[in-house]
């Protein structure tokens, strides 16, 4: 008998990652709380959630750097506790914080990586050139990493993670703290990569636009638990309709009577509605809404999904805390 | 099959060694201060304390020279080892720990890197002693001194790596000099003879592994020592073996 929800059940032979009841506790704090999911080979899988939701802790356990408190996880058929060496051979990782040596050149950083992964000596230089080309860094190859910008350094670390052609590639907040333009570039690299190889990519982020654009499936994580897991399209579809936000003196009870209004609630003094076919029904809606000062209509995004699941907005929380993180890191 | 496995280990060791060595040579200030500091101490101590000896300062300077060779190992070796806590901070350690290399390989690779730093400095100082300070070396005594420094550096660097692997953040780095480096140096008999000490200090000096290194170097360079050379060497080698065991254990339990 198989015990798992429908959305988590796949043909076992295709699952490159299988997680069951994975838990990590730090003293009294439960960072990851009994999560289970599987990832298919070749998938781009996103872990989406605010800072502190347990995304990084999950990646650390999958990459053998942290020992789970309980539960099991398998990567490429190997157990992350009992077969650490084999797991580490199959994976590549880009850490949230920069982890290249700034006193060495980009080339030296890559060379060290190649040696530590036991790549054949005569292939090393050609492989380095190949990955540097992928992230567009050939020209800065022999510069000391200290002279790189934040975005270049991240790209170098992506190249480094790819050097040994891992089967599973983990990226922990690959665009955190980067400007929007660099962020776009990095996503482009990741997308190209997914197209060119059949690599499985696991990415954590709290930028919803990115998760939406890039991922085949997304697990929304909050307080160490999976709140929802599906394709971005299905997650949004589950909300049932467009989002209409009304400000002013709104008669919310009158609005609730319309059959096309699926949901109505007050958030921060504004009335948030889920409306089927808003374009068609808006006029009728506004006639009965009372004294309207401002109307916003948009198709739902993942932030709405998160809001609906947790009752909190992720965007502000995520950016505020990453802002604080950036400040503390800078000092 | 064995060939493949050892190729993997050798490449890993080379990579770790290369990184340590490269970082060392790029940080010019570290290289300069690590050679300048012992020389500075040597002249202050040698002339200051030596002046009590009525015009025979040179004898005292020669007497403390072996101690200052050991000092370079204590200072740079231990600091280089404990430098791993900085790798934790800059997250370079994660990159190393996530590779398929075993923790034992990581430990020995790091140790070899720091070893190179420490030995280059102490050998350099040995050379200065021969050229400018009037220390008389023969080829065998120079080679024998180098061997003793090598054996001593092994244990000290392992000790540094062990301390560093237990430290959570580089903020505690400064405490190492107060509670490990200075006691090791000052109790080693580097700047005073071991023979006429009060009982309690006698005991403390005998606990300090550096004492045996200084004593052995004194035997080789000056031809006089407080303990038999074979005892010195035995203690140093035992200390190395013990530290290597503790070190590989410490690295296996190392978490981020």
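Chains as they are written, first to last, in the numbering used here: chain A, 91 to 421; chain B, 2 to 257.
Glycine included, C-beta positions come from ideal geometry on N, C-alpha and C.
- Only 175, 178, 179, 183, 185, 187 and 188 from the segment 166-188 of chain A bring a Cβ to less than 7 Å from some Cβ of chain B.
- At a beta-carbon threshold of 7 Å, the residues of chain A lying near residue 101 (chain B) are 175, 178, 179 and 207, ordered along the chain.
- Of all alpha-carbon atoms in A:326, A:378, A:352 and A:363, the one lying nearest the alpha-carbon of residue 341 (chain A) is that of A:378.
- When rounded, the separation of the alpha-carbon atoms in residue 22 (chain B) and residue 134 (chain A) is 39 Å.
- Contacts with chain A (Cβ-Cβ distance below 8 Å) from the segment 13-25 of chain B involve 13, 15, 16, 17, 19, 20, 23 and 24, listed in chain order.
- For residue 96 (chain B), the nearest CB of chain A lies under 8 Å from its own CB, placing it at the interface with that chain.
- Distances from the CA of residue 213 (chain A) to each of A:234, A:253 and A:310 were compared; the closest alpha carbon is that of A:253.
- Following the DSSP letters along the chain, one finds residue 44 (chain B) inside the alpha helix (DSSP H) bounded by residues 29-49.
- The Cβ of residue 262 (chain A) sits no closer than 8 Å to any Cβ of chain B.
- For residue 194 (chain A), the nearest CB of chain B lies under 8 Å from its own CB, placing it at the interface with that chain.
- Across the set A:192, A:399, A:226 and A:240, the C-alpha of A:399 shows the shortest separation from the C-alpha of residue 315 (chain A).
- When 8 Å is used as the limit between beta carbons, residue 93 (chain B) is near these residues of chain A: 189, 190 and 191, in chain order.
- Residue 83 (chain B): member of the alpha helix (DSSP H) spanning 79-83, first to last residue.
- In the DSSP assignment, residue 135 (chain A) falls within the beta strand (DSSP E) that extends over 134-138.
- Look at the segment 141-160 of chain A: the residues with a C-beta under 9 Å from a C-beta of chain B are 150, 153, 154, 155, 156 and 157.
- CA-to-CA, the gap between residue 380 (chain A) and residue 339 (chain A) works out to about 6 Å.
- Taking a Cβ-Cβ threshold of 9 Å, none of the residues of chain B is close to residue 345 (chain A); the smallest such distance is about 52 Å.
- Taking the beta carbon of residue 9 (chain B) as reference, the chain A residues within 7 Å of it are 208, listed in sequence order.
- With respect to chain B, the C-beta atom of residue 200 (chain A) has no partner C-beta closer than 8 Å.
- For residue 28 (chain B), the residues of chain A that pass the 9 Å Cβ criterion are 193, in the order they occur in the chain.
- Between residue 248 (chain A) and residue 184 (chain A) a beta carbon distance of about 5 Å is seen, short of the 8 Å cut, so the two are scored as contacting.
- The C-beta of residue 189 (chain B) has 16 or more other C-beta atoms within 10 Å across all chains shown, which makes the residue buried.
- Residue 101 (chain B) is classed as buried because its beta carbon has at least 16 other beta carbons within 10 Å across all chains shown.
- The DSSP-derived three-state label of residue 382 (chain A) is strand.
- Here residue 104 (chain B) carries a helix assignment [DSSP, helix/strand/coil].
- 8 Å or more divides the Cβ of residue 117 (chain B) from the Cβ of residue 249 (chain B).
- In this structure residue 127 (chain A) is in contact with residue 319 (chain A), their Cβ atoms being roughly 6 Å apart against a cut-off of 8 Å.
- Just measuring C-alpha positions, the residue of B:74, B:51 and B:176 sitting nearest residue 64 (chain B) is B:51.
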